[in-house]
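Okay, so here's the structure we're looking at.
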Amino acid sequence: MAVLADKALTFLRVHAFIFLMVAYGLFIVMGAVVLMVLEQPEENLLVQEVRELKARFLADNPCVEERSLDGLLMDVLSASKRGVAALQADSDECNFDFTSSLFFVITFLTTTGYGTTVPLSDEGRVFCVVYCLVGIPLTMLLLSCLTHALLPRVTHTPIQNLQLFWGLSRSNAALLHCSILGFCTAALFFLLPAAALCLLEDDWTYLESLYFCFISLSTTGLGDYLPGKIQNQAVRQGLEFVTSCYLLLGLIVLLVVLESFWELQQFQAVLRFFSGPRLSELNGLSLDELVLTGDMTGPEEEPQYTLPISTISPAFSDSPATPTIELLPVFGLPSIPASKDYDHSSLRPNPTSDLCHSTSSN
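The structure is reproduced here in structure tokens:
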């Protein structure tokens with residue numbers, strides 16, 4: 037019977053894993069289709085606008101050859117992709133002063149990489165490769181150590197306090213704490229910074245600012261939005277330094293939040309269902325902890341604080357100094373109260389009767 041149950045569970049797990057892979061593939065295809073439907077019309081409009089501007093410029097300047105203009109535009113676009121503002125002759129923008137270089141290093145080590153600043157020389161590219169071979173694992177190690185150092189204080193202790201003071205089970209306390217933690221993280225590292233960026237950047241909407249915060253902390257770093265690009269040099273350097281601090285602090289907080297959610301019994305139950313019991317056993321989880329919803333155990337399986345089998349307390353009689361022994365029910369037997377009026381000799385064996393019985397038998 038147990039063999040059939042194991043085979044059925046393995047069969048169900050394999051089919052569930054196949055379903056998960058198919059669903060993920062459909063999810064990717066759906067994302068591509070939605071982006072194509074939403075973005076392709078905007079792309080066509082932009083291309084048409086640029087071509088009209090080019091045709092109008094050539095019509096107004098007949099001495100300019102179209103081939104020369106195309107070559108100039110290609111060079112300018114190539115320089116712009118590498119972070120060099122070639123058309124702004126009076127601009128004091130510098131991509132590799134100390135503040136900008138520090139910003140570049142932090143975005144590189146955190147794997148954000150906005151792409152607006154790239155090394156221009158071969159020596160710089162080689163240095164970035166060697167530097168990041170050491171720096172990225174070191175950064176991940178540091179973030180992991182900080183996460184595990186903060187996790188007991190940020191997650192484990194509040195969950196224990198919820199259990200102690202509110203009387204919640206561990207599963208419900210963990211779910212409530214993670215909900216509060218996720219809401220606070222969203223407010224402090226997404227909603228409020230987006231509002232601040234919306235005020236600092238005049239041409240940014242709130243949605244664009246929120247988009248920048250999400251792209252940054254998710255380490256995607258598309259680079260289409262970057263604060264301080266149209267500001268003067270001092271403001272741009274200040275925003276780059278603030279963004280660097282925001283990236284480091286935000287990544288630490290997000291790792292703590294994700295680790296807190298990952299320790300929920302619901303997530304562990306889903307993981308164990310798809311991966312089998314081996315990973316759960318390596319994590320030290322017992323079978324009764326891996327439940328899909330809340331507490332699946334009945335009230336009789338909840339851990340209770342009980343008194344010992346026998347307790348000694350003063351008797352509730354006329355003589356308060358006389359102790360009484362109350363034997364609590366064990367294995368369904370009724371409790372046996374004991375006092376000075378109760379004959380305890382019935383609880384002891386009678387050696388005399390046993391001896392007489394053995395003599396008479398002889």
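Numbering (my numbering), first residue to last: 37 to 398. A virtual CB, placed ideally from N, CA and C, is assigned to each residue, including glycine.
Using the Cα positions of residue i and residue j, report the straight-line distance between them to the nearest angstrom.
| i | j | result |
| --- | --- | --- |
| Pro344 | Leu212 | Any reading at Pro344 must be qualified, since the residue scores a pLDDT of 41, below 50, and its modelled position is unreliable; the value itself is stated next. For Pro344 and Leu212, the distance between alpha carbons rounds to 34 Å. |
| Trp240 | Ala222 | 20 Å |
| Gly203 | Leu291 | 28 Å |
| Ala185 | Glu295 | 12 Å |
| Thr191 | Ser207 | 13 Å |
| Glu106 | Gly286 | The sequence given here has Asp at residue 106, not Glu. Spanning the two alpha carbons is a distance of roughly 43 Å. |
| Leu363 | Ser180 | Confidence at Leu363 is low in this model, with a pLDDT of 46, below 50, so its placement is unreliable and no value can be given for it. |
| Leu113 | Cys281 | 31 Å |
| Phe139 | Asn97 | 42 Å |
| Met72 | Arg308 | 36 Å |
| Gly182 | Thr152 | A small correction: the amino acid at residue 182 is Leu; Gly does not occupy that position in the sequence shown. Taking the straight line joining both Cα atoms gives about 29 Å. |
| Phe53 | Pro77 | 37 Å |
| Asp331 | Asn197 | Confidence at Asp331 is low in this model, with a pLDDT of 43, below 50, so its placement is unreliable and no value can be given for it. |
| Ser116 | Met66 | 32 Å |
| Ala44 | Ile195 | 36 Å |
| Leu224 | Gln304 | 28 Å |
| Arg103 | Val120 | 23 Å |
| Leu187 | Ala230 | 26 Å |
| Val162 | Leu156 | 11 Å |
Judging by CA-CA distance, which residue of the options is the nearest neighbour of residue i?
| i | options | result |
| --- | --- | --- |
| Asp133 | Gln269, Gly286 and Glu299 | Gln269 |
| Ile172 | Thr148, Ser136 and Gly67 | Thr148 |
| Leu430 | Leu233, Ser157 and Leu105 | Past the edges of the chain, shown from 37 to 398, lies residue 430, and the structure says nothing about it. |
| Thr256 | Phe277, Val278 and Leu283 | Leu283 |
| Leu246 | Leu258, Leu236 and Leu228 | Leu228 |
| Phe277 | Arg49, Arg92 and Ile142 | Ile142 |
| Gln267 | Leu187, Leu236, Val83 and Val70 | Leu236 |
| Ser137 | Val83, Arg272 and Trp298 | Arg272 |
| Ile288 | Leu156, Leu82, Leu177 and Arg49 | Leu177 |
| Val306 | Arg49, Cys220 and Asn80 | Arg49 |
With a Cβ-Cβ cutoff of 8 Å, do residue i and residue j count as a contact?
| i | j | result |
| --- | --- | --- |
| Pro170 | Gly218 | In the sequence on display, residue 170 carries Val and not Pro. No; because the gap between Cβ atoms is not below 8 Å, this pair is not in contact. |
| Cys130 | Phe144 | no |
| Val100 | Leu94 | yes |
| Gly264 | Leu275 | yes |
| Gly259 | Tyr150 | yes |
| Arg118 | Val154 | yes |
| Leu300 | Cys214 | yes |
| Thr146 | Thr193 | no |
| Leu62 | Phe310 | no |
What are the boundary residues of the alpha helix (DSSP H) that residue i is part of?
| i | result |
| --- | --- |
| Asn80 | Ala38 to Asp96 |
| Ile251 | Tyr242 to Leu253 |
| His192 | Where His192 is concerned, there is no enclosing alpha helix (DSSP H), given that its DSSP letter is neither H nor E. |
| Ser280 | Gln269 to Trp298 |
| Phe303 | Gln301 to Ser311 |
| Asp111 | Glu102 to Lys117 |
| Ile266 | First-last for Ile266: undefined, no H or E at that position. |
Using a Cβ-based criterion (distance less than 7 Å to any ligand heavy atom), does residue i qualify as near the ligand ATP?
| i | result |
| --- | --- |
| Leu294 | Ligands displayed in this structure: none; no statement on the ligand ATP is therefore possible. |
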